Structure formats: structure tokens, C-alpha cells
Amino acid sequence: MEQFSPVKRSKDGQPVRYLVVDDSVFARKNLARMIETFGGQLAGEAGDGMTAITEYERTHPDIVLMDITMPQMEGIEAAEKIVRQHPEARIVMVSSVGYQENIVAALQRGARHFVQKPVKPEVLYEVIKYVLGEDGTVAAGAGA
Amino acid sequence: MKMELIQPFINAADAVLAQGLQSPTSIGNLSMDEEAYRRKGVAALISVTGDIEGRIIFDLDPATAVRVASRFAASELPESDDLVRETVCELANQVTGNAITALNDQGFHFRVHPPVLHTSEHGSKSSEDTEALVICFETASGNVFMNIALRYNRRRQGELAAAAKH
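Residue numbers (our numbering), protein chains in the order written: chain A, 1 to 144; chain B, 1001 to 1166.
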């Protein structure tokens, strides 16, 4: 897999910590591999929206990558509940269902961005840099 | 079943398979399935509800499923690995999601349900309004079968027609 210049946290130079939420183990593993190539660290995983909320409280990640269609509680509802409690939460929706209504609903309820599956690493990398803004910094190192 | 419903699924499957397998695909056989669905190997089913209702099944023989999953996961997986079945489910999820996105842009509204493994050997027989179309995608890793049975939601169509009259 392609290597990217590591994205670190500006405040302490530590790896960006991610919570990956998807009911598919395959999708979670795939995203975890990408996170590794971005120089990030997997803070936690969840397979549904309910678990995502408890995992967020436990891990306080820098970024949440959240699927939409999941059992028990869907991603948009989980994102809304997390952002209500933690307005600073950076949630990126990652879903194969990328029509406009879905994207608008996610953004209106607190998500910061949307990436459509199948995820292209270079697209996710740019979105993560954008969502982190000044709180993220691209470290010198492995080039893209 | 109209091609306007099917074409987005074909386009999405082609794109998702080509990206995941890192090689081009081609459409092999395309046929109507008049008999009850008979599972070939590892199969994932996704239901859709809304303006159009029905289900989409992705079905791969066991050896192909292992090869496809290994390509998607970028590592060799054993046949017994749960990740093989997970990958077929996620493949179905991504193709259906992308197709639904395209159909939504044409004005159809859906709800996509999470994929489930189709474990029984047979499915229900297709009927006049839920005839199934089977499309075979030929890939370097083997054949991937997409079995689609969709129909327009008549109640929803009636509502739309009534709204158009007023």
C-alpha cells in the first residue's frame, strides 16, 4: 500500500488517534491499514453506533471514521449524539451510500466530512488533513 | 425489471471490483433466473426498501471468494477465515451503496439494509414482479455473480401518480 507523509497532532507531535466504526470487520481492517500508512494510531473500534458512543467516551480519539448503515444505531444518529456531548468531535462519515441527502443529513447533524466507499487512500488522507486543520501537521518523512 | 434499475448496479460492481482487485473486469453471462435462487458458494444478501424494493445477492464459489477476499485484504486468507465472508458482505455493501447513490440522483429513494450472509442453499422462487437477473462478472480471480430481484413499489408509484394529477 502507498505510504504517506505522517500526519501528527500539532500540539504534541504524537500520532493522530482514530476510532473506526463499521459493522464490517473487513472495512475496519481496511481503514486500520490506511491509518497505519498515514502514521496514525488506532484508538478503538466499534461495530455499531451504540458501541461507537461508548468507545468515544473511553478513547477520546482525534478523528472518528464512521459508517452510516449499521445495525442497532446508524452512523448519522451516533454522530449526532457524540457531537451533542462533544462539540469538538471530528467525525468523518465513510459510507458506500453517498447521495446528497445522506451527506447533507450527516453534515447537518455534526459530521465534518464525507468519504464514499470504496475508500481511496489518497482521498481519505486529504480529508483527514482538512478536518484536522491547524490541529494536524504533516511531518517530514515517508513521501507519498 | 427495467435496465434503468440494473445499469447502476452493473456500473457499480464493475468499478468496485476493478478497484478492489486492481484489474479490469468484464461481463460474461447475463440471464434471467426463473427458478429459485440456488447458492453457489459464499453469498451475501442486501435488502432495499423504498421506491424500489427487493434484494441483491453477491455469490462467489468458495475458491473465488478466497481469491477475491485475499486481493481486497492485500494478504492471503485461508478459506475458513471469517474475513472471506466479511469481504463478500462488504463487496455487496459497496456495490449496492454506489448503485443506490446513482439511482437516488435519478429521483428514487431507498433504504439500504446491512448485508447478511445467505446461508441456505436455496432462495424463494422469483415471481412475475420480482424476476431475478443474474449477471456474471469475469475477473482475474474468478467469476462473481450478482443476482438482482427488484420491483417498483406499487404503493409508492400510486402516490407519485396521484401527486402528479393534483
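Each residue gets a CB set at the ideal place from its N, CA and C atoms; glycine is no exception. As the structure is a prediction and not an experimental result, all values here were calculated from the model.
Which chain B residues are close to residue 23 of chain A, counting only those with a beta carbon under 8 Å from its beta carbon?
1114
Rounded to the nearest angstrom, what separates residue 1008 of chain B and residue 1090 of chain B at their Cα positions?
18 Å
Is the number of C-beta pairs between the region 58-76 of chain A and the region 1073-1080 of chain B that are closer than 8 Å three or more?
no
Tell me, which residues are paired with residue 1147 of chain B by DSSP?
B:1057 and B:1134
What distance in whole Å lies between the Cβ atoms of residue 42 of chain A and residue 53 of chain A, which are believed to be in contact at a cut-off of 8 Å?
At roughly 18 Å, the Cβ-Cβ gap does not stay under 8 Å, so residue 53 of chain A and residue 42 of chain A are not in contact.
Is it true that the region 132-142 of chain A meets the region 98-107 of chain A, where meeting means three or more beta-carbon pairs spaced less than 8 Å apart?
no
For residue 1049 of chain B, which residues does DSSP report across the bridge?
B:1111
Are residue 1025 of chain B and residue 1111 of chain B closer than 7 Å when you measure CB to CB?
no
What are the start and end residues of each continuous beta strand (DSSP E) run of 3 or more residues lying completely inside the region 25-86 of chain A, in chain order?
41-46 and 63-66
Classify residue 1017 of chain B: buried if its beta carbon has 16 or more other beta carbons within 10 angstroms, exposed otherwise.
buried
Under 7 Å between C-beta atoms, does residue 99 of chain A make it to chain D?
Structure shown: chain D not included; protein chains present are A and B.
Would you list, in chain order, the members of the region 1064-1081 of chain B that have their beta-carbon closer than 9 Å to a beta-carbon of chain A?
1069, 1072, 1073 and 1074
Is the CB of residue 27 of chain A under 7 Å away from at least one CB in chain B?
yes
Tell me which residues of the region 1010-1030 of chain B have at least one Cβ-Cβ distance to chain A shorter than 9 Å, keeping chain order.
1012, 1015, 1016, 1019 and 1020
Please classify residue 56 of chain A as buried or exposed, where buried requires at least 16 neighbouring CB atoms within 10 angstroms.
buried
Classify residue 18 of chain A as helix, strand or coil using the three-state DSSP reduction.
strand
Which residue wins for smallest C-alpha separation from residue 1029 of chain B, given the options B:1047, B:1143, B:1118 and B:1093?
B:1143
Taking 7 Å as the CB-CB cut-off, is residue 69 of chain A touching chain B?
yes
What is the DSSP secondary structure of residue 9 of chain A, counted as helix, strand or coil?
strand
In chain B, which residues lie less than 7 Å from residue 118 of chain A when you measure between Cβ atoms?
By Cβ distance, chain B contributes 1016, 1019, 1020 and 1094.
In chain A, which residues lie with their C-beta within 8 Å of the C-beta of residue 1089 of chain B?
Neighbours of residue 1089 of chain B on chain A, chain order: 24 and 26.
What residues from the region 75-105 of chain A come within 9 Å of chain B, judged by C-beta to C-beta, listed N to C?
Listed by position, the residues of the region 75-105 of chain A near chain B (Cβ gap below 9 Å) are 95, 96, 97, 98, 99, 100, 101 and 102.
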